[in-house]
Amino acid sequence: MNAVNESVKSDATSDQASAQNSVEGQSQIQQDASNHILHPFVDNHALKNKGARIMSKADGVYVWDDQGKRYLDAFAGLWCVNLGYGRKELIDAASKQMATLPYYNLFFNTSTPPTVQLAKAIAEIAPEHMNNVFFTGSGSEANDTVFRMVRRYWDVKGQPTKKIIIGRHNGYHGSTVAGTSLGGMKPMHKQGDLPIQGIEHIRQPYWFDEGEDLSPDAFGLIAAKALEEKILEVGADNVAAFIAEPVQGAGGVIIPPATYWPEIQRITDKYNILLVVDEVICGFGRTGNWFGCDTFNIKADLMPIAKGLSSGYLPIGGVIISDRVAEVLKSEESGDFLHGFTYSGHPTCAAVALENIRILKDEKIIENIQQNTGPYLAEQLQTLADHPLVGEVRTLGMLGAIELVQDKATRKRYPGNGKVGSICRDHALDQGLILRATGDTMLLSPPLVITKEEIDSIIKATKIALDNTLKDMQ
Ligand SMILES: *Cc1c(COP(=O)(O)O)cnc(C)c1O
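My numbering applies: residue 1198 is where the sequence shown begins, and numbers increase by one.
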């Protein structure tokens, strides 16, 4: 099971919520929430009975619900609040831009100053061979843009048969029709007869669950070679691109073995296939470098971005484009690229993203993860590896995962498909800690600005949550 199946049953239940809110006892705002919102990725029937947790304010790495309970947000909202909450510079950048030019578009041969400056700032931090950005409002729209862009690229190049895009099982690329199709979340595919035509999937490099007796490195090679097998199966002349996250996020913070990415790179180069590296989570510092591509030394053709681009303060995404793709799409033969969104390059969102990048640079936040807080998180989380429930702990930069198992030696899972994960998540919430559970994998993605002391608080609360979960399972 995966992220998509996280049940609201437990998600909507904090101690206080369950104590105070029977259906009758729910507050007005909880009733209004379930009466008037169809919540995303949620069992809306169950939500009605449980009542939503209402988050009402935040500061730094903390959020507060409307009952006054404080939580350390070790998930940075949804992998995005990288600078933490309450950054005055971001708020000021938005309000200043709103007062000057709240909105204008990039259609009709126009641009706006913050959007141009943002594109230039992104080109500066992106790998050398990437100097163009197509702006969108979200990560899903970025991947819809990828879908259209790679096909357009091969069309203009005179190779229109290259249409198939290969993704991975348990990959996540958003929730629009193309995003869901490119992703490999089976429960999502079941809703709406997806994927759409022209998309194929290969296995994921998830050693813990699928590596059996192989070493991680041997398994990584096998998982990468699945791409070559798929290309040969459908014909290289029919394949436009391969898309993957550097580290699968929603799938379970799956950090591929070291052998994986070099082999993927070799295969996409050999068969002349565009390499799309979805940086929506990894981009802007999450893995301890500006991009996941820097961490794994990947040369991408396209990099979808969103989330940490603006620290989630305003919705903005995009696709960073390599020079070889940009040259084709900007060539005389190409003509109009008939694609774009009303909010492509929204100036207020762009102003916030620009300020977000400035702060990441000026405060050396990524260097600090590399040299200081990243190794500290790794070391401290590793202290939980001895716990009887824990099968593996892994981290990369400010990403972490804890695998919960019934048997440490064999990596055997508990029955119940995500049950122990959601129990642990609820125990963490009781401790005032927000973790996410994907199946029986606990995920961490704290704000990039988290301090060592705050990491200590995460470890302490997680330890108690693990102990309480073990008691429940016995
Ligand atoms: C969140 C996510 C998306 C989708 O972004 P939205 O802004 O939710 O549309 C795409 N790719 C990855 C890797 C993501 O984590």
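Virtual Cβ for every residue (Gly too), placed ideally from N, Cα, C. Being a predicted model, the structure only gives us computed values, none of them experimental.
Leaving out five residues before and five after residue i in sequence, what residues of the same chain have Cβ atoms less than 6 angstroms from its Cβ?
i: Gly1381; result: Gly1364, Arg1365, His1366, Asn1367, Gly1368, His1398
i: Asn1469; result: none
i: Tyr1510; result: Leu1287, Val1549
i: Ala1216; result: Low per-residue confidence applies at Ala1216: pLDDT is 41, beneath 50, and the placement is therefore not dependable, though the value from the model is reported in the following sentence. Counting only Cβ-Cβ distances below 6 angstroms, and skipping sequence neighbours, we find nothing.
i: Arg1591; result: Ile1452, Ala1598
i: Gly1542; result: Leu1303, Thr1312, Phe1332
Assign residue i to buried or exposed, taking buried as 16 or more other Cβ atoms, counted over all protein chains shown, within 10 Å of its Cβ.
i: Arg1521; result: exposed
i: Asn1218; result: Note that Asn1218 has pLDDT 43, beneath the 50 cutoff, so the model's placement of it is unreliable and the number below is only indicative. Looking at its Cβ environment, which holds 16 or more other Cβ atoms inside 10 Å, Asn1218 is buried.
i: Lys1285; result: exposed
i: Ile1393; result: exposed
i: Ser1253; result: exposed
i: Tyr1540; result: buried
i: Ala1625; result: buried
i: His1242; result: exposed
i: Phe1305; result: exposed
i: His1233; result: exposed
i: Ile1319; result: buried
i: Glu1650; result: exposed
i: Ala1662; result: buried
i: Asn1569; result: exposed
i: Gly1248; result: buried
Identify whether residue i lies in helix, strand or coil by the three-state DSSP scheme.
i: Ala1575; result: helix
i: Ile1513; result: coil
i: Ile1396; result: strand
i: Pro1501; result: strand
i: Gly1613; result: coil
i: Asp1352; result: helix
i: Ile1599; result: strand
i: Arg1608; result: coil
i: Thr1638; result: strand
i: Ile1661; result: helix
i: Lys1668; result: helix
i: Leu1626; result: helix
i: Ser1654; result: helix
i: Ile1620; result: helix
i: Ser1531; result: coil
i: Ser1508; result: coil
Residue i to residue j, Cα distance in whole Å?
i: Gln1356; j: Ser1224; result: 60 angstroms
i: Ser1654; j: Ser1507; result: 26 angstroms
i: Asp1390; j: Thr1377; result: 11 angstroms
i: Thr1312; j: Ile1517; result: 14 angstroms
i: Lys1527; j: Trp1261; result: 48 angstroms
i: Tyr1259; j: Thr1358; result: 51 angstroms
i: Ile1562; j: Gln1671; result: 42 angstroms
i: Glu1338; j: Glu1407; result: 31 angstroms
i: Val1450; j: Glu1409; result: 19 angstroms
i: Phe1493; j: Thr1648; result: 25 angstroms
i: Ala1166; j: Asp1289; result: Since the first residue of the chain shown is 1198 and the last is 1671, residue 1166 is not available in this structure.
i: Ala1441; j: Ala1323; result: 18 angstroms
i: Glu1476; j: Arg1348; result: 20 angstroms
i: Gly1257; j: Val1525; result: 44 angstroms
i: Ala1497; j: Cys1490; result: 7 angstroms
i: Gly1571; j: Gly1505; result: 17 angstroms
i: Leu1499; j: Met1327; result: 8 angstroms
i: Gln1388; j: Asp1240; result: 14 angstroms
i: Gln1228; j: Asp1623; result: 22 angstroms
i: Pro1644; j: Ser1412; result: 32 angstroms
i: Pro1585; j: Ser1335; result: 40 angstroms
i: Gly1274; j: Gly1482; result: 16 angstroms
i: His1536; j: Ala1503; result: 18 angstroms
i: Ala1255; j: Met1346; result: 38 angstroms
i: Asn1553; j: Glu1321; result: 14 angstroms
i: Phe1238; j: Ile1478; result: 18 angstroms
i: Ile1556; j: Leu1315; result: 13 angstroms
Got a sec? Which residues, its chain only, sit under 8 angstroms from residue i by beta carbon, not counting five neighbours each side?
i: Thr1361; result: The sequence shown places Ile at residue 1361, not Thr. Correct list, in chain order: Gly1395, Ile1396, Glu1397, Val1431, Asn1435, Val1436, Ala1437.
i: Gly1629; result: Lys1266, Arg1267, Tyr1268, Leu1269, Ala1658
i: Asn1486; result: Thr1492, Ile1563, Gln1567, Gly1594
Which same chain residues end up closer than 7 angstroms to residue i when comparing Cβ atoms and leaving out the 5 residues on each side of it in sequence?
i: Glu1191; result: Residue 1191 is absent from the structure shown; the chain starts at 1198 and stops at 1671.
i: Val1617; result: Leu1601, Tyr1611, Asp1637, Thr1666, Met1670
i: Lys1660; result: Leu1581
i: Gln1294; result: Pro1311, Pro1544, Thr1545, Ala1548
i: Val1646; result: Leu1280, Gly1281, Ile1562
i: Phe1534; result: Arg1349, Leu1526
i: Tyr1457; result: Pro1402, Gly1417, Ala1420, Ala1421
i: Phe1538; result: Thr1333, Gly1334, Glu1338
_Quick check for students: name the residue ranges of the beta strand (DSSP E) that lie wholly in the stretch 1535 to 1595, counting only runs of 3 or more._
Along the stretch 1535 to 1595, the beta strand (DSSP E) occurs as fully enclosed runs of 3 or more residues at 1587 to 1593, listed in sequence order.
*Can you list, in chain order, the stretches of the beta strand (DSSP E) that have 3 or more residues and sit fully within the stretch 1226 to 1306?*
Within the stretch 1226 to 1306, the complete beta strand (DSSP E) runs of at least 3 residues are 1252 to 1256, 1259 to 1262, 1267 to 1270.
*Minimum length 3: unbroken beta strand (DSSP E) runs contained in the stretch 1413 to 1485*: Taking only runs of at least 3 residues, the beta strand (DSSP E) segments lying wholly in the stretch 1413 to 1485 are 1436 to 1441, 1471 to 1474.
*4 or more residues per run - each alpha helix (DSSP H) lying fully within the stretch 1307 to 1382*: Runs of the alpha helix (DSSP H) inside the stretch 1307 to 1382: 1310 to 1322, 1336 to 1353, 1374 to 1379.
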